[in-house]
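Numbering (this note's numbering), first residue to last: 13 to 260.
Quick notes on the structure that follows.
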Ligand code: NAP
C-alpha cells in the first residue's frame, strides 16, 4: 500500500535519507525543514526521482502553529496520513553543564523535546482510530546519547533524547488499541552535518573508529531502519527502541 508520511527535519541528514528511501517505495512525503529551502527542494526532487511524491513544508517544530500547519499541508496534498517521523533535532557546541546558559538549554528542550511531543500529539490526534484516523506508525528519532549521557559535551541534548525514549514507551501503550504503533531509533555516530553545528565536523569519523563495527554509520543506514518501522513489515513492533550504532 502506498503510504503518506510526514518527516520533520527532512531537508538534510537522516531525515533526508528516510524521505528518499520512502520515495523508493513509491510513498508520498511531507518534507519539513526549518530554514534551508534549497536543501528541502533538493530532497523533494530526490524523492520524486526515486519514484515517490513530495512537497516541501517550512516550519519550526518549536512552534505549535507551524506543527499543525505542516500536518494540515501533508494531509491536504496527499489526502491521508499513515506515518510520522519525529526527526528534527539539534545539538549545541560541546560544553560542561556548569558552563551552559539557559538560552542554549531552552532551545535544545524546545526543539528536541517539546517539538517532538507536540508532533507526537498531532500524530495521535490524526491517526488514532477512535478519533477518525486509520491507524499508522510514529517513529521517534532518539540518540545513543540517551543512554550514554553525553558527559562534557551535551548532557542537555542527552537528556532531551532520554525524554524521547520515555515518550516512545508511554505513547506506544497509549496508542496500541488505536492502531498506531510507536517506536524509536537510537542512532550512534552518523555522518551528517549535525556535528559541524556542534563545532566538530569530523566527530563521527574520529569517534566512529572506536565502535565495535569500526566506523561511523551513514544516514541511509539509519533511514532504512526508519522506513522499516514505518512499513507494514514491522506490523507487530511497537514500544521498541532500536539502536543503530554499530554496536556502540
Ligand atoms: P542534520 O544533518 O543537522 O539535519 C537536521 C535537520 O533538522 C535539517 O533538515 C534541519 O532543517 C532540521 N531542523 C533543525 N531544527 C529544526 C526545527 N526547529 N524545526 C524543523 N526542522 C529543524 O541532523 P541529523 O544528523 O540528520 O539528525 C537528525 C536526527 O537524528 C536528530 O534528531 C538528531 O538528534 C538525531 N541523531 C543524529 C545523530 C548523528 O550522529 N547524526 C546521532 C544520534 C541522533 P534545515 O535544513 O532547514 O536546517
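Note that beta-carbon positions come from the ideal geometry of N, C-alpha and C, so glycine has one too.
- If the five residues before and after residue 172 are omitted, its C-beta is found closer than 7 Å to the C-beta atoms of 120, 121, 124, 125, all from its own chain and listed in chain order.
- For residue 70, the enclosing beta strand (DSSP E) stretches over residues 65-70.
- In its chain, beyond the 5 residues on either side, 143 have a beta carbon closer than 7 Å to the beta carbon of residue 137.
- Taking C-beta separations shorter than 6 Å and ignoring five residues to either side along the sequence, the partners of residue 252 in its chain run 195, following chain order.
- Scanning the region 189-214 for uninterrupted beta strand (DSSP E) segments of 3 residues or longer gives 192-199, listed from N- to C-terminal end.
- Setting aside the 5 residues that flank it on each side, residue 204 is surrounded in the same chain by 24, 25, 26, 216, 231, each with a C-beta closer than 8 Å to its C-beta; the list follows chain order.
- A straight-line Cα-Cα distance of about 7 Å links residue 104 and residue 116.
- Every unbroken stretch of the beta strand (DSSP E) spanning 3 or more residues and falling wholly within the region 116-173 is given here in chain order: 148-153.
- For the pair residue 36 and residue 240, the Cα-to-Cα distance works out to about 12 Å.
- In this structure, the ligand NAP has no non-hydrogen atom nearer than 7 Å to the beta-carbon of residue 163.
- For residue 102, the three-state secondary structure derived from DSSP is coil.
- With the rule of 3 Cβ pairs closer than 8 Å, the region 149-159 counts as touching the region 93-107.
- For residue 16, the uninterrupted beta strand (DSSP E) run begins and ends at 16-19, by DSSP.
- As a beta-bridge residue in DSSP terms, residue 253 pairs with 196.
- In summary, residue 45 is buried, with 16 or more beta-carbon neighbours lying within 10 Å of its beta-carbon over all protein chains present.
- Of the other Cβ atoms in all chains shown, fewer than 16 fall within 10 Å of the Cβ of residue 178; this residue is therefore exposed.
- Leaving aside the five residues that flank residue 257 on each side, the residues in its chain whose CB is nearer than 6 Å to its CB run, in chain order, 156, 200.
- DSSP places residue 237 within a helical segment (H, G or I) once states are collapsed to three.
- Restricting attention to 193, 85, 228, 244, the CA atom closest to the CA of residue 207 is found in 228.
- Membership of residue 29 in the alpha helix (DSSP H) is indicated by the continuous run 25-36.
- Taking the CA atoms as reference points, residue 233 sits about 14 Å from residue 220.
- Counted as a single uninterrupted DSSP element, the stretch harbouring residue 42 is not any alpha helix (DSSP H) but the beta strand (DSSP E) occupying residues 40-45.
- Annotation for residue 45 indicates a beta carbon within 7 Å of some heavy atom of the ligand NAP.
- Cβ contact annotation for residue 29 (same chain, cutoff 6 Å, sequence separation greater than five): 231, 232, 235, in chain order.
- Straight-line spacing of the CA atoms in residue 139 and residue 60 works out to 25 Å.
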